[in-house]
Each structure stands twice: as structure tokens, then as C-alpha cells.
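Residue numbers (the numbering used here), protein chains in the order written: chain C, 1 to 566; chain U, 567 to 834. Here is the structure we will look at.
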Amino acid sequence: MKTWQRGLLGLCALLALFGGAAYAQAPGAPPVEFPYTGNRTAVWIVAQLHILFAAFILGAPIFVVISEWLGYRKQDPRYDRLAKEVMKVTVILYSMTALTGGLFIFVLLATYPQFTTWLINHFFLLFAVIYPLLFIGETILLYMYFYSWDAWKGNKKARHIALGVVLNLMGTITLFVIDGPTSFMNTPVKAEGVSPAEFLATASLWDKIYNYSWMPMNLHRLVGNVTFGGFITGLVAAYMYMASKKEEDRAYYDWMGFVGNLIGVGALLFLPFMGYLLAYELCDYDASICPYMMADQLSMFFEMQGAMVGLLFLASNYYIWLSMKRIEGVERVRMTVFAPMVMIAIPLVMGKAWDMFPVPDPKSLLFLLPLIGLLLLGKFVPWTVSSRTVIKVGFLMVIIGDAIWLTPHGFVPTGAKLVADLELPSDWNFLALMPAKNAAAFTLVFVTVVNYIIYNRAINQGTIVWGKIDFVSQFVLVFLAFTSIWTMGLMGAVRSLLRKYFHTYNLLPDFTPESFTPTLSYSAWWITAITVAFYVVVSFAIFVTLRPTEAKAHAPEGSPAPAGAK
Amino acid sequence: MGNVIKKVVVGLIVGGALLGITRALDFPTVFQLMFFAYALLGTAVFLLLDAPSLKPVGGVKAVGALVVFYVVLCVVYIAGASLWPQYDPEDEKGKIEKILKPKRAATELGKAEELIARAKALDEQAKALAARIKALGGDQASASQAAGGPGTPPATTGAASGDLLKIGEDQWQLQECYNCHKLKGEGGKKRGPELDNIGNLLTVDDIKQKILDPKSWMAEGFEKEYEKGKMPDKYKDLMEEKDVVALASWLVTFKNTSVNTPKPIKKK
Chain C
1 MKTWQRGLLG LCALLALFGG AAYAQAPGAP PVEFPYTGNR TAVWIVAQLH
51 ILFAAFILGA PIFVVISEWL GYRKQDPRYD RLAKEVMKVT VILYSMTALT
101 GGLFIFVLLA TYPQFTTWLI NHFFLLFAVI YPLLFIGETI LLYMYFYSWD
151 AWKGNKKARH IALGVVLNLM GTITLFVIDG PTSFMNTPVK AEGVSPAEFL
201 ATASLWDKIY NYSWMPMNLH RLVGNVTFGG FITGLVAAYM YMASKKEEDR
251 AYYDWMGFVG NLIGVGALLF LPFMGYLLAY ELCDYDASIC PYMMADQLSM
301 FFEMQGAMVG LLFLASNYYI WLSMKRIEGV ERVRMTVFAP MVMIAIPLVM
351 GKAWDMFPVP DPKSLLFLLP LIGLLLLGKF VPWTVSSRTV IKVGFLMVII
401 GDAIWLTPHG FVPTGAKLVA DLELPSDWNF LALMPAKNAA AFTLVFVTVV
451 NYIIYNRAIN QGTIVWGKID FVSQFVLVFL AFTSIWTMGL MGAVRSLLRK
501 YFHTYNLLPD FTPESFTPTL SYSAWWITAI TVAFYVVVSF AIFVTLRPTE
551 AKAHAPEGSP APAGAK
Chain U
567 MGNVIKKVVV GLIVGGALLG ITRALDFPTV FQLMFFAYAL LGTAVFLLLD
617 APSLKPVGGV KAVGALVVFY VVLCVVYIAG ASLWPQYDPE DEKGKIEKIL
667 KPKRAATELG KAEELIARAK ALDEQAKALA ARIKALGGDQ ASASQAAGGP
717 GTPPATTGAA SGDLLKIGED QWQLQECYNC HKLKGEGGKK RGPELDNIGN
767 LLTVDDIKQK ILDPKSWMAE GFEKEYEKGK MPDKYKDLME EKDVVALASW
817 LVTFKNTSVN TPKPIKKK
């Protein structure tokens, strides 16, 4: 990106920020009315787009630095090339983050001027000083990191990696800071016996930031961003694999897709538990949020989430399966017969554990001891099964896990409309309760981990042939990226809707006629539209940044620099 | 091909078995179908595992395949989301309007809007009167006014006890108390005590105190819920005094001794 383009984008962002602030000062400015979408959906679209870009630019640099470090450690130029190519896309999307961020402020101020001014007043220091400084600092670091890539190689590589680490620290702090007002809107500070408005009047900025859902949201978003970044890297690899004409490029992008998927899935394994933690804190903050979320207005949103997460796990395991198929000598890989037995036992054992310990408790880990014992026994008992059998049993358990996650208490939009014809029989109601859902999530995670262990054994015992993967795998990578973005959009909507008819829960009501819970179908239309819009921009960014590299493959600055080269 | 047929047959057998078992266990039809659908999903996955490799395509063909793939994903996700039972926002709109109306009226914007609305109404009345005077003459217009024409202010009535109980019942619905408390056999998720006999255990003032300060009373057997603060401490901010009184007055009418409403213990 040229300097004047960056300058223009920066100017737009500043205009949006200060123009917005100036607009907010206009006394009694009436809110604008967006045609067709309405104000709330307009804010939703811009906010979600901004979050998607922001999630990528915060998540991608985390594994970019790790990849660069791995390249340095292993002296494998592929890691360095991966890191640099993802960084190129990140730089373009960074500009989009600033642009949509500015647009978000404009739209928010134009549509909800009173609320926006109120929120800015409560977090004035954060919005006026801390956040802009962090954003500017991150911008400087990001461009320094990117533009010093070729200059700081060889014996200066460690310095470059250190810069990347600082960039990530700055990014993480920025995320945590902006999560303050966001989480505040869901769970504003409160104290027993004092009205929220009175307590707010005496609360410090730190009190407001350090609210109930702040840290769970930080952790959820941090892990979510890495997942998202990993799957987008997979998308980049899939596009480039499809566009590659040379075998060596195909081999490289096949490898890149695998690494992207590995990062995405690796972080995805933690995501259900981070989500559980966030939901737990929200319910702890106000018990009425729980039924609204799980049993009433938003219950079907969670059904859809179950379906999407199930698809994500199925697809990521299918990708491992396809990766295994191109390993020569994979048929020699065997595993103890107890491994599939443990897989089958996992949902039952973990369901019982969660039933007895609904609140996370170290004692609940005792339930895992017999299973670990069985796996250890496998070291001494020579009964083995083929890796294919283990993976197929794993798929069966993923489907069973998905089924448990998906089974609702009743096929009704709210508990109030529950009738016997649509309700799970009482003896089987445990399938719809949290212990069963958690056990299902644990099963999905466990099977995926076992599959990666098998994969690791396969590449140690066999020979991996990069570039020869089944072509359908590229569609799996595209699918994973699309589905993860869609799921982010869905859960983002859920988190915002949890505020019910408030801008800030229980504090500032939303008096507009749009402050109701929309249908899942309506939401799905907009989530899809937002996902497609994001995809178009990302696809364009990949096209403009990585296509020229291929053309200049032999130019010195475009070639992958060996990590140790001087 | 033989392998495909074998898998489809196995899938259908498993699906049929699930269908039969769920039917025998008296699962509602929709759940029976759902379990059958799980078997079909499993069949599709196992078919996919051993499907022949896809030949690589590039250029325009690859772009075309991607576009088609995206269109399929969009359609499937929108259709999938639309197949689940849909919440009707109309169920909520009326409730929200009722809850927010007094709050809105209390704001500066609300006051200004009320003044504008009154001014508009007066303006319309004046226009209507002017039109009548013009069409009928001054005497007839005055007679119409005396007989209760459009300019007559609405009659005001005091809130009778029946009204108070109606408001109380409305508040039960508006504040969604049924989410945690069972009453008349409806609602409740075991988070809070069943309230059918509360009238024999607490007075209006006691119930009012509990609503405004959830830590003031604890139901026997709900120690964990009490300690965790399961009952939200927000109603003193969300509800007006008269609404709390109405809700308490309505609740105190429930004196069904056949229901085991747990004994309340005074804490404050």
C-alpha cells in the first residue's frame, strides 16, 4: 500500500473520529433514520464488519510472530513466507479496520446520539486519550514490523521477532481496553443495595472497565481471534492453491493451509470453554439473562450455534482425514484398542462429571483418571487397531457429540410456548441440560486432539507428500473460514441482544421501536450478508496482495527469505 | 458403488432403529425425525470419508466453483436458521412498550414528545371544531361539544382493587417472574420457589420487601440460590413503587395450601 493511500485512510479515520465528536456536541441533534435496514440493523452491520476486520488484525499477528519464530528456529523458509504473506493481507485489512471503525462511530452518533454521548462521557479518558494512543502506537508498530521484514533478517531476525511480540502486546492491550466499554454495556458495574445509576455516579473508570464480563470477554475474544486468524490463513492458502500453476507453489500452499487449519483448530479447542465461562459470568451477573439466552427468546440462536460449531468440528476433522490420505505409509500407523473405547466412553463420563460438578472444580478431573488409566494400559497390552478405524470411531463420536449439543429441550421459540407434543420426554431431559452440552463439547475437543495425535504419528512414520492433497480439501478450508465468520456474527448478535431493551443493561433503556429481539431468520439474513461483504473485501485483499508476489517470484525482495540468511 | 449402497443401507437401518426406539419411548414426532436426521448426517459424513478424490481445477472453473459453493453455503445457512422455530417479536413489543412508557415519559425527550403530542392533538381538535363551525354553525357546534364531542376530555376513574390485581398480574408477565417461579402450574425452572401458597406465608409488605431487596428473605431449601444472588437485585430500579405494590398484592391472593411453597426465612 502506498504512502498516500495510507495517509488518506488515516485522514478518513481521524475525520470520522473528530467529526463524530463534533457531531455529538451539537445540541439536540435528532437521530437519522436509515432507510430499509432501520437504525439498529445499520449499526449492527457496521459494528460487525468492524469487529471482523479487527478480529483478524489482532489475531493474525499472534501466529505470524510464532510462525516467524518457528522459521528462525527450524531454519525453514516456509514459515517465514507464511508469516510475511499473512502480514501483507493484515496490513490491507488494518486499513479496513480503521475505516470501518470510523464509519462505526459516525453511524452510532447519527443513529443513537444521546446514548453515544452518554457512553463517551463515562469512558472519556479511554475514548479520548488511551484508545487513540494505543491505536496510533499499534499502527506505528504494525507498519514498522511489516516494513522492517526484509531489512531485519539474518542476525537481526531476533530483533524483528521481538518487535512482533511488542506489536502483539500492544494489540492485546488495545483489545482489552476497548472490551471495557463493550462489556460494560452488557454488565455495568453494580453493588448490592445501591441502585446501578447511583453506583455508576461514584464508580471510577477502572470500576467501569473491570466489570463482570470484562475478563471472560477478553479471553473469549483473544482465543476467538486466533481461531479466526488461523481459518483466514487457511482461506488464503486455499485461494492461492487453486491459483497456483507450479508444483512447488501448490506444495507450499498445501502446507500453509495445513498450518492455518492447525492454528484455527488448536484455538477452536479452547473456544467452547471460553464461551461457557462468558455465559456463566453473564448468568451470574443477572439470573434473568440465562433463561433469555438458553430457554427463551435466544434459545434457537444457541441451537444454530450448536449446528455451526458441530459443522466446524466435522469439517476440521475431515481436513485431518484428507491430510492423512496423502501420507505415504499411513496404513502402518496403529493405536491401542483402548483409544476408541475411551472416545466412546467420554460423553458418558464427562456428562456424569459435569452433572456432579456444575461449577468448575479440580475434583471433577478425577473422573478422567480411569480413562487415562485405560490409555496407559494400552502401552502394555499389544491390542491395536488401524489409525483409520480410530478416526472413523472419532467421526462417529463427533456426530454423537453434535447430536447431543443440538438436541433442544423443546421445539419452541420460548419456554412459554412449550407443549407436550414439542417437548423432550422428562426421562430424557438431561440431553438438553448443560452437563450434557458440556460433555458433548468435551467429546468434540477430545476426538480432535486424538486425530491430531494420530496425524503426528503418521507424519513421523510415513512420508507426507505436500501438494498432493485431495482438491476438495481446499473447499473444506473455505468452508471453515466462512462458517467461523458466520458463527462469530451469530454469537456477536447474541451478545448484543442480551442487553434486551437496554443500550446499557438495566441502566439506559433503548426507547426506539427497534428494541425487541429479532427472529433468528431475520438475523441469519443479515449475518450472511455481513459475512459475504467481509469475504468480498478479504478475497480482494488476498488478490491484490499475493498475486503480484507470484508474478515477481524471482525478484529478490519477493522471494521467501531464508530465516538465517544475511 | 457397492460401498456407497452398503453405507446408505446401514445409515437407513440406524435411522430406522433410532426412529423406532424414540417412538417406543414416546418421543414427540419432531424429535423422532431429528434423531433420524442425525443418522442421515452420519451417513453423509461416512460417504464423504471414502468419496473419490476431486480433480484439481483452476482459472475460471475454480472461481465458478467457489461462487457456487458460497451461494450454496448462504442458502443453507439462511434456510437452516429459518427452519428452527422463530420467536415472534410481536410477543415482546407490547411488553417492552408497557415497561418503557413511564421511563420514557420521565426523560426530557419524553416530556418534550408529550408536549408535542398534546400540541398536535389540540391543533387537530381546533381544526375539527373550526370545520364544524364552518359547516354547521356556532350553536350546533356548541351542542355537539356539550354532548361529548371530540373535544371532551376522557373520564378519569380511580384504580379499583380489581385493577390493582390486573396490574399485578401484568407485572408478573412483564418482569418475566415466571422464568424462575412456578405459579398456577406454569413457568419456573427450579431457580426460585413455587409461589402458589405464598399468600399464607408472607404479607404484601413482605413480598414488596423481597422484590425490592432480594436479600431480605430466603426460601427454605434455596440456600445456594440465595447465596449466589439468583434473584436479580434490579427491580427497585426497573419497577415503580405502585407496580411493586400491585405485584405483591396480586401474589398475596395465592393461598393454595396443596402446593408446598417453601417457608420464607427473614434475613434483614
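For glycine and all other residues, C-beta sits at the position ideal for the given N, C-alpha and C. Quick caveat: nothing in here was measured; it's all calculated off a predicted structure.
Per-residue DSSP class, three states only, for residue i
i, result
"MET397/C", "helix"
"LEU688/U", "helix"
"VAL194/C", "strand"
"VAL333/C", "coil"
"GLU386/C", "For the sequence presented, residue 386/C should be read as Ser rather than Glu. It is a strand residue."
"THR414/C", "coil"
"ILE578/U", "For the sequence presented, residue 578/U should be read as Leu rather than Ile. If DSSP states are grouped into helix, strand and coil, LEU578/U belongs with the helices."
"PRO77/C", "helix"
"THR448/C", "helix"
"THR41/C", "helix"
"PRO668/U", "helix"
"PRO830/U", "strand"
"ALA203/C", "coil"
"THR182/C", "helix"
"ILE209/C", "helix"
"LYS33/C", "A small correction: the amino acid at residue 33/C is Glu; Lys does not occupy that position in the sequence shown. The answer is coil: DSSP assigns GLU33/C none of H, G, I, E or B."
"ILE464/C", "strand"
"GLN711/U", "At GLN711/U, the pLDDT of 42 sits below 50, so the modelled position is not reliable; the number obtained from the coordinates is stated separately. In the structure shown, GLN711/U sits in a helix (DSSP, three-state: H, G or I)."
"ILE469/C", "coil"
"GLU423/C", "strand"
"GLU138/C", "helix"
Whole-Å CB distance - residue i paired with residue j, under 8 Å assumed
i, j, result
"LEU508/C", "PHE516/C", "About 17 Å separates the two Cβ atoms, so there is no contact after all."
"PHE56/C", "PHE228/C", "6 Å"
"TYR604/U", "ALA436/C", "Rounded, the Cβ-Cβ distance is 15 Å, inconsistent with contact."
"LEU477/C", "GLY234/C", "4 Å"
"ALA287/C", "LYS796/U", "4 Å"
"SER484/C", "PHE231/C", "5 Å"
"VAL574/C", "PHE270/C", "Residue 574/C is absent from the model: chain C starts at 1 and stops at 566."
"GLY164/C", "TYR145/C", "5 Å"
"MET300/C", "PRO651/U", "6 Å"
"GLY306/C", "ALA439/C", "So it is not a contact: roughly 13 Å between Cβ atoms."
Residues of its chain near residue i, where Cβ-Cβ distance is below 7 Å and the 5 sequence neighbours each way are ignored
i, result
"VAL570/U", "LEU613"
"GLU281/C", "TYR212, SER213 and PRO216"
"PHE395/C", "ASN317"
"MET335/C", "THR384, VAL385, SER387, VAL390 and ILE454"
"MET341/C", "LEU374"
"ILE530/C", "ILE45, GLN48, LEU49 and GLY489"
"LYS325/C", "ASP470"
"ARG457/C", "VAL333"
CB contact flag (residue i, residue j, <8 Å)
i, j, result
"LEU813/U", "GLY728/U", "no"
"THR463/C", "TYR653/U", "no"
"VAL65/C", "LEU134/C", "no"
"LEU620/U", "PHE471/C", "yes"
"LEU498/C", "ASN186/C", "yes"
"VAL194/C", "GLU85/C", "no"
"PRO362/C", "ASP592/U", "no"
"THR407/C", "ALA441/C", "no"
"LEU615/U", "TRP321/C", "yes"
Close Cβ partners of residue i (< 8 Å) along its chain, the five nearest in sequence each way excluded
i, result
"VAL818/U", "ILE764, GLY765, LEU768, THR769, VAL770 and ILE773"
"ARG78/C", "GLY71, TYR252, TRP255, MET256 and PRO560"
"ALA712/U", "Any answer about ALA712/U is weak, because its pLDDT of 42 lies below 50 and its placement is not dependable; what the coordinates show is given next. Closer than 8 Å at the Cβ level, and outside the excluded window around ALA712/U, lies no residue."
"PRO370/C", "VAL349"
"ALA631/U", "VAL623"
Nonlocal neighbours in the same chain, by C-beta distance under 6 Å from residue i, ignoring five residues either side
i, result
"PRO828/U", "PRO759, ALA785, GLU786 and GLY787"
"VAL580/U", "ALA605"
"PRO719/U", "Note that PRO719/U has pLDDT 39, beneath the 50 cutoff, so the model's placement of it is unreliable and no number is given."
"ASP803/U", "none"
Inset, instruction - Ignoring anything shorter than 4 residues or poking outside the region 499-557 of chain C, list the alpha helix (DSSP H) runs there in chain order. - result: 520-551
Legend entry - Within the region 266-315 of chain C, ranges of the beta strand (DSSP E) (whole runs, at least 3 residues): none
Legend entry - Ordered list of alpha helix (DSSP H) runs contained in the region 714-786 of chain U, each at least 4 residues: Within the region 714-786 of chain U, the runs of alpha helix (DSSP H) that reach at least 4 residues and sit entirely inside it are, in chain order, 727-740 and 770-778.
Inset, instruction - Starting from the N-terminal side, write out each stretch of the beta strand (DSSP E) that is 3 residues or longer and does not extend beyond the region 225-249 of chain C. - result: none
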